Structures are given as structure tokens and as C-alpha cells.
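Read through the structure below, which is laid out as C-alpha cells, and then see the notes.
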Amino acid sequence: MSKYKWRDLVDINSKTRSHLSALSCIAHIDANAFFAQVEQIRCHYTKDDPVVCVQWSSIIAVSYAARKYGITRMDSIGDALKKCDKLVPIHTAVFRKGEDFWQYHDGCGSWVDDEDKKLTPENFKVSLDPYRRESRKILKVFNEWCDVVEKASVDEVFLDLGRCCFSMLMFDESVHSFNEIRRVFKEGEYDLDLYLPPVPRNLDIQFDGNVYNPEKRSLFEDWDDVIFCLASILTNRIRSNIEEVLGYTTSCGIARTKSISKLASNFKKPAAQTIIKNSCIEDFLDNEKFEITSFWSMGGITGQELSQLLNLPKEKTIKYIRDSWPTTSDELKGFIDTKLREMGKDRDKYHTIDETQTQAIADKLFQLVRGEYRLSVNAKPMVKSMMSNKNLRGNSCKNFKDCIAWLEVFSGELDGRIRELEQEYNRLFIPKTIAISVRGHKFQKHAKSSSLMFTGSHIHSKDFLEAGSRLTQELDMKFGKDSGYYPLTNLNMSISNFEILEKGKTIVDMFGRQAQVTKKVEPGNFSSVESVTAENKESLFLCQPCDLSFSSEEQLREHADYHYALKLSESLNGANEDSKNLSYGERRLLFSKRKRPACSSSKNDSKRVKSTPQSDIYKFFK
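92 is the number of the first residue of the sequence shown in my numbering; add one for each residue after it.
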């Protein structure tokens, strides 16, 4: 007789209860050296070519062919080339400063001797869009095979295979040996609280992949092993489909929880899959390759602080926790509480450990080290915010004009990412809030946010650029003259507070068909504006260049913004003859009837590919 009940088996056919079942089956699949694979396939190299993906002078992905030469991500591209003279470095796609589209510059990079072919962070921003695009292609394949898929990152997913395995066990005619359990299920001759029948002998199914089984236990001890075997057959088909259609190799881990399956997928690479039977979980965790910090969410500061608090040894920490607190998580909680009390004021150094959450911490640790920590595979698209960020070097952002050039990049990147989301989920994604954050060269941070206002049925890059420019202008006017502001060391644009609509609905639907009319504000320059107070205490606000007066400060500010935008436009696009920002001498010099010889273009400029002319920034402030 099985140790599992009919309820356990039926529950794996439920999207909401599958992960809680004693027969739960979850897979973690990730692409091997994904960024390097993307570039290898794009540039038509083979798996045997030592390809590395490069960002500036750093390596961000190393193909397995390149790893044979001892190359790691810790190497600079210069050091890597010394280790392998056949190395194939490929730089990521980049945005050029002032352009709202990304492109590849193959044959260019910091390792190239020709100065014209070097890509520098002062003039470019890395684009990860090509990798997101390929990730969506892979995700589409997963969704064709399984209906509960969680995208964990750009190159990895979790699959809850419970429903798939239940279907294979009960209804797949190509899977034999299960006629009796199928008959009982189809005829309804079972009780949910009764135990399942024994596993049939002489099964004609085999595991696909490496079954971790150091003690040489029977491969099919109970129905959980049958479920895992069916899962391994399925994941092997999925991975083969991905390689056949898209060319990417993947690694897979199969276990009863997300945390164990993730460890298993990384256990043997590349292009392999590892199955962790329930009876072998503790053997797997104690194989001296894993520590408590190896668990997903236990790395970094959290894992380090818990290790110090629990006085864990340097090695075999998982087994130590399991043996030290063998009965319940309450024992572990009591130990943590006692340690925190004994530390007194020194407990403040544990930033990630909340005294009010010690029960939750103890429960999680107690379950993790036994392979029992269960989390659902969450298939819902949870888009909370997006950011386009640039760490700036040198004088790459030394004034407001430079800020606008980088905002052009950010706007194009965010617009592209929203379009990709809409294609992926067949929904409209409408961000309602935009924020700009800057960091000066003395590392002081400033930020400003506002609601996004736009017209039409979609939001576009120009809407981000217009709103971002206004916010950046406000920061520039308030802090731009401070000694610690320019040149900026970081600038970013983020959008958030998403409204997700079905395709076919309009923006009006988002607001319940209550039309909202917003007065346009025209930002400008205050430098040439004065305010004067009359003796009769009635306010008179005067703009000297225009010789216009206004009855309120608000009207003056709106008019003053016109000058700010006009001056910015002239710095980017040149001044008109009737510009109020030009002196008489400047007007004579610039617009004399006498022709001047045109300056010849530099050699470098003639080689550079011309980008699409950008629209006048001034129109955003009209």
C-alpha cells in the first residue's frame, strides 16, 4: 500500500493546491550562459566557439566553450584574450546618447585598437532588450507545454508540472502500466482519504536525466517517483523543443519544491537535468556542495546575518541546523529570540532580522533544510515598475542639455519594453506615474515624480520624454547651480502604478469614461524675469525681454517657462534671427548677409552612421 492518499494525487491537478500536495512536482529550467548563447546564435557561431558577451571592458557571460580556457566573469576582456587567442568577444547592443533606439556595433569594443570603434560608457548605454526578446520566445514555448509557468528572471522559469503529470498518468495512451489506477479513477471507485494502491511492478517508463541516488535506492518506491519520472520525460521534451526551434540549451532540476529544484538545475551543467527523489533530498542537501546561503533568497546579507546569529560552522550548515533543531521550528525560534535578547543594543547590526518576524524566519529555515519549504508557482504578470538607469562617468552629463540627451535614451528604452509586454500578454500597460532621480558628483540624491498625462490610446516615448524633461527641468532649476550637482553620476527614469487593460479598451475606459482636461504648462527660464510690487500693493509681474506684465505670479511662471524652453531649444537646434535671447551684436554676427565658408566635416563624422533626426525639444513645452 502507498503512503500517499487519493487526495494527494487529485490535488496535483489543481492550480492552487498542487504545490501543497505531498506529490507536488516542480521544475526549474534555465538557459546556459544565456547572454553568450544569444550572441552566439545571432552571429552564427557554433557551441564550440569560445564566445563571451562583453559590456565595456567587463565580461557578463561566458560560453561553456570559453570556460574550458579558464575564463570567468571575473576576468577583464584583456585578461580573457590572453588566456585564449581564439576568443570571440561580442559587445551587447547599445543606445547612443541622444538616440531613442538601440543597435549592435559588431566588431566594436574596448579591445579593438581602432579608436573609432571603441564603445565608451560616456557616450553609450547598454541595452538588454535583445535578451528580453529572446527570453519571451523561450517563455512562449514553456507556455505551450505547461499552464503554470513563472518567469523567475530573464533566463529561468519555474514550472508546476502537477497537472501535466496527472494528465499523463490518467489519460496519456502512450504511457502504459497504469490501467488499474485509471479504471478506479474514471469509475469514481475511490475515497479521497483512502491510500493509493501500490505502484505496479515492471513499469515500462524510464527517467530522462540524472537521478540523484547515491544510496542506490529503488527508483520506484512510491507514486511520487512515478510522478517525477513522468515529469522528467516531459521536461526533456520541452528542452528538446526549445533547442530545436530556438537553438538554446538549458539545464533542468525536478523536485517537490521550488528551492530544491533550483539547486538541482545548477547541480549538473550544461544541457542536463537532475531529478531529486523525495527519499534522497537530505542526501542531496548534505553532499558538501550546498550551504544555507545556497538557497534562493538566503544569499547575501540575510544568509550572512543568520549564519552569525545561529553560530553556524563554516561548512555543512544545512545538516547542522537540521541536527541542532530536529523536532519543531519552535525550538529554533526560541534560540533566535534568546540570542537577540542577549545581544541587547548590539542586535541593531542585524538589519534583515525583524524581532517581530522570528517565527516566520524559524519556520522557513526549519522547512528549507528539510526540503519542505513550499511556495506556489506564480504565473501572474506582476509589473509594478520599470526603470531605465545610467551610471554616468566623467562629464557625460554636465548640464541640462546632456540630461535631455540621456532622457531620449531612457524614453525609447521604456517605450520598447512596454510594447514588448503588450505583445507578450496581449494587454495594454498604462503607467500612471513617472519619476526622475539624479545623483550629483558629490553623491547627493534628488528625485521628483508626477502623474503621466498623455493623449491618444497609447503612451509613447515622446510622452515619457516630455514628462521627464519637465521634472528634470524642475530639479535643474532648484539644484543645478549647487556646486555638488553637475556633472551627474547617475540619472534614471522610472514609471510605475500600472493600469493593465484588455486590448480594445481605451484610455477613457481606465478613468471610467470621465473625461479629464488638463491645462498645458509651458516650462521656461527665469533668468531674465523680474517681479515688481507696486505702491498700491497690487502685484505687477513684468517680463523685460517681452515687455509684458502679468497680474499673478502663476501667470508669470507659465510665461517664464517659455523662455527656458526657447533657450534650451536654441542650444540644441540653433537660434532664429528674431530670438529675444540674442544681443544686437550676436544677431549681426550670426545672421549677416555675408556668406561664411562651411566647416568641413571631420573624418570621424563621415564614418558615423547618421541617426534619424530628433524632434525639437521645444515642442514639448508648447
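Just so you know, even glycine gets a beta-carbon here, dropped at the ideal spot from N, CA and C. Quick caveat, the model's predicted, so the values are computed rather than measured.
Spatial neighbours of residue 427 in its chain, beta-carbon cut-off 7 Å, leaving aside the 5 residues before and after: Here residue 427 corresponds to residue number 336 of the sequence shown, with the count starting at 1. Closer than 7 Å at the Cβ level, and outside the excluded window around residue 427, lie 400, 449, 452 and 453.
Local conformation of residue 594 per DSSP, three classes: The residue labelled residue 594 in the question sits at position 503 within the sequence shown. Correct three-state label for residue 594: coil.
Residue nearest to residue 256 in terms of C-alpha spacing, selected from 118, 407 and 433: Against the sequence shown, residue 256 aligns to sequence position 165. When each option's Cα is compared against that of residue 256, the closest is 118.
One or two residues paired with residue 144 in a DSSP bridge: To locate residue 144, count along the sequence shown from 1; it is residue 53. DSSP, once it has assigned bridges, lists 152 and 181 as partnering residue 144.
Helix, strand or coil at residue 406 [DSSP, three-state]: Walking along the sequence shown from the start, residue 406 turns up at place 315. Residue state for residue 406 is assigned as coil, using DSSP reduced to three classes.
Same chain, Cβ closer than 8 Å to residue 352, five either side skipped, listed in chain order: Taking the first residue of the sequence shown as position 1, residue 352 is located at position 261. Cβ within range, chain order: 117, 118, 119, 249, 344, 345, 346 and 367.
Short Cβ contact (9 Å threshold) for residue 303 with residue 375: By 1-based counting over the sequence shown, the position of residue 303 is 212. By 1-based counting over the sequence shown, the position of residue 375 is 284. Yes, Cβ-Cβ distance for residue 303 and residue 375 is below 9 Å.
Same chain, Cβ closer than 7 Å to residue 193, five either side skipped, listed in chain order: Looking up residue 193 in the sequence shown gives position 102. Correct list, in chain order: 184, 185, 186, 218 and 220.
Contact set for residue 532: own chain, Cβ-Cβ below 8 Å, skip 5 residues either direction: As a position in the sequence shown, residue 532 is number 441, starting the count at 1. Counting only Cβ-Cβ distances below 8 Å, and skipping sequence neighbours, we find 575, 576, 577, 578, 579 and 580.
Opposing strand residues paired with residue 305 [DSSP bridges]: To locate residue 305, count along the sequence shown from 1; it is residue 214. In the DSSP output, where bridge partners are listed per residue, residue 305 has none listed.
Exposure of residue 267, with buried meaning 16 or more beta-carbon neighbours within 10 Å: Residue mapping note: residue 267 aligns to position 176 of the sequence shown, counting from 1. Classification of residue 267: exposed, given that the 10 Å Cβ count is below 16.
Nearest to residue 479 (by Cα), restricted to the options 471, 509, 137 and 457: Indexing the sequence shown from 1 puts residue 479 at position 388. Distances from the alpha-carbon of residue 479 to those of 471, 509, 137 and 457 put 509 closest.
Terminal residues of the alpha helix (DSSP H) in which residue 344 lies: What you label residue 344 is simply residue 253 of the sequence shown in a count that begins at 1. Run containing residue 344: none in the alpha helix (DSSP H); it sits in the beta strand (DSSP E), 341 to 346.
Identified DSSP bridge partners for residue 364: As a position in the sequence shown, residue 364 is number 273, starting the count at 1. Assignment of beta-bridge partners to residue 364 by DSSP yields 343.
Neighbour-count burial assignment, residue 404, 16 or more Cβ in a 10 Å radius: In the sequence shown, counting from the first residue as 1, residue 404 sits at position 313. The C-beta of residue 404 has fewer than 16 other C-beta atoms within 10 Å across all chains shown, which makes the residue exposed.
Whether residue 308 touches residue 370 by CB criterion (9 Å): Within the sequence shown, numbered from 1, the residue matching residue 308 stands at position 217. Within the sequence shown, numbered from 1, the residue matching residue 370 stands at position 279. For residue 308 and residue 370, yes; Cβs fall inside 9 Å.
Residues sharing a beta bridge with residue 524, DSSP: The count along the sequence shown starts at 1 and reaches residue 524 at position 433. Per DSSP, 542 and 587.
Reduced DSSP category for residue 250 - H, G, I as helix; E, B as strand; rest coil: Residue mapping note: residue 250 aligns to position 159 of the sequence shown, counting from 1. Under the three-state reduction of DSSP, residue 250 is assigned to strand.
Cβ contact check for the stretch 488 to 495 and the stretch 557 to 570: 3 or more pairs under 8 Å: Here the stretch 488 to 495 lies against the stretch 557 to 570, with 3 or more beta-carbon pairs under 8 Å apart.
From 424, 527 and 244, residue whose alpha carbon lies closest to that of residue 469: To locate residue 469, count along the sequence shown from 1; it is residue 378. Considering only alpha carbons, the answer is 244.
For residue 267, the residue or residues it bridges with in DSSP: Locating residue 267 in the sequence shown gives position 176, where the first residue counts as 1. None; residue 267 has no bridge partner.
Extent of the continuous beta strand (DSSP E) to which residue 476 belongs: Locating residue 476 in the sequence shown gives position 385, counting from the first residue. Membership of residue 476 in the beta strand (DSSP E) is indicated by the continuous run 476 to 482.
Residue 408 vs residue 420 beta-carbon contact at 9 Å: Within the sequence shown, numbered from 1, the residue matching residue 408 stands at position 317. Within the sequence shown, numbered from 1, the residue matching residue 420 stands at position 329. Their beta carbons are not under 9 Å apart, which means residue 408 does not touch residue 420 by this criterion.
Where the beta strand (DSSP E) through residue 113 begins and ends: By 1-based counting over the sequence shown, the position of residue 113 is 22. Where residue 113 is concerned, there is no enclosing beta strand (DSSP E), given that its DSSP letter is neither H nor E.
Separation of residue 433 from residue 211, as counted between CA atoms: Residue mapping note: residue 211 aligns to position 120 of the sequence shown, counting from 1. Residue mapping note: residue 433 aligns to position 342 of the sequence shown, counting from 1. Between the alpha carbons of residue 211 and residue 433 lies a gap of roughly 53 Å.
Residue 538 versus residue 586 - alpha carbon distance: What you label residue 538 is simply residue 447 of the sequence shown in a count that begins at 1. What you label residue 586 is simply residue 495 of the sequence shown in a count that begins at 1. Spanning the two alpha carbons is a distance of roughly 13 Å.
Beta-ladder partner(s) of residue 215, from DSSP: Residue 215 sits at position 124 when you count from the first residue of the sequence shown. Among the bridge pairs identified by DSSP, residue 215 is matched with 187.
Burial state of residue 139 (16 or more Cβ within 10 Å): Mapped onto the sequence shown, residue 139 falls at position 48. Exposed.
Where residue 463 sits in the DSSP three-state scheme: Numbered from 1 along the sequence shown, position 372 holds the residue referred to as residue 463. Coil at residue 463, not helix or strand.
Classification of residue 522 by the beta-carbon crowding that lies within 10 angstroms, buried from 16 upward: Taking the sequence shown and counting its residues from 1, one reaches residue 522 at position 431. So residue 522 ends up on the buried side.
Own chain partners of residue 155 with C-beta closer than 7 Å, once the 5 adjacent residues on each side are dropped: Taking the first residue of the sequence shown as 1, we reach residue 155 at position 64. These residues qualify, in order along the chain: 123, 124 and 361.
Residue from 515, 516, 542 and 519 with nearest C-alpha to residue 527: Here residue 527 corresponds to residue number 436 of the sequence shown, with the count starting at 1. Selected option, being the one with the closest Cα: 542.
Whole-number beta carbon distance between residue 190 and residue 499, since they are thought to touch under 8 Å: Taking the first residue of the sequence shown as position 1, residue 499 is located at position 408. Taking the first residue of the sequence shown as position 1, residue 190 is located at position 99. Taking a contact as a CB-CB distance under 8 Å, the pair residue 499 and residue 190 counts as one, their CB atoms being some 7 Å apart.
Minimum C-alpha distance to residue 474 - residue among 440, 150, 519 and 316: Position 383 of the sequence shown, counted from the first residue, corresponds to residue 474. Of the listed residues, the one whose Cα sits closest to residue 474 is 519.
For residue 509, the three-state DSSP class (helix, strand or coil): Taking the first residue of the sequence shown as position 1, residue 509 is located at position 418. Of the three classes helix, strand and coil, the one that applies to residue 509 here is helix, per DSSP.
Segment contact flag, the stretch 311 to 321 with the stretch 386 to 393, C-beta cutoff 8 Å, min 3 pairs: Touching, no.
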